[in-house]
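Per this note's numbering, residue 20 is the first one in the sequence shown, and the count goes up by one each step. In this text, a Cβ means the ideal position worked out from N, Cα and C, and glycines have one as well. Encoded as structure tokens, the structure appears first; notes follow it.
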Amino acid sequence: TARAAVDSMREKGMKVGTAKLTVFRPFPFDDIKSLSKKAKVLAVVDRDISFGFGGAVFAEVSGALVNEREKPIIMGFILGLGGRDITQDDFFTMADKAKKAMETGNAEMVTWINLKEVK
């Protein structure tokens, strides 16, 4: 789904890319640092929530770049909780938010996408 969304956005002229984390431990700090040099915004997708600080991958990516002199805006997106599907539209929403963050220099640290609220 992510790859198809990225392909669609590239066809529209957007400069976007995707990377898939294949291992969590040991965390690929050097790979993240290398990828971050090419990006203005990193949109990190998590399908989990850790206590007190967004998603686990977002926390690790942020930690990997904390001491870098020049780094992109890092945005965490939490979606797909409870096995809910993540759609191409979700990726388009994330890309729009990332673009706005890049243009303004302001971003929410963690954004929830399609959270089903219980009333």
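Stretch-stretch touch, CB-based, cutoff 8 angstroms, three pairs: the segment 94–113 with the segment 61–68: The segment 94–113 is in contact with the segment 61–68.
First through last residue of the alpha helix (DSSP H) which encompasses V80: 75–84 is the span of the alpha helix (DSSP H), which, as asked, contains V80.
Within-8 angstroms CB hit, A62 to chain C: Absent from the structure is chain C; it holds one protein chain and no more.
For A62, the first and last residue of its enclosing beta strand (DSSP E): From DSSP, the beta strand (DSSP E) with A62 extends over 60–65.
Given T130 as reference, the closest of G73, D104, G82, E89 once Cα atoms are compared: Nearest of G73, D104, G82, E89 to T130, Cα basis: G73.
Meets three-Cβ-pair contact criterion under 8 angstroms: the segment 23–30 and the segment 104–116: Flag = yes, the segment 23–30 and the segment 104–116 touch.
Rounded C-alpha distance that separates A75 from R44: Linking A75 to R44 through their CA atoms gives a straight-line distance of about 12 angstroms.
DSSP beta-bridge partners of T130: Answer by DSSP bridge pairing, in chain order: F96.
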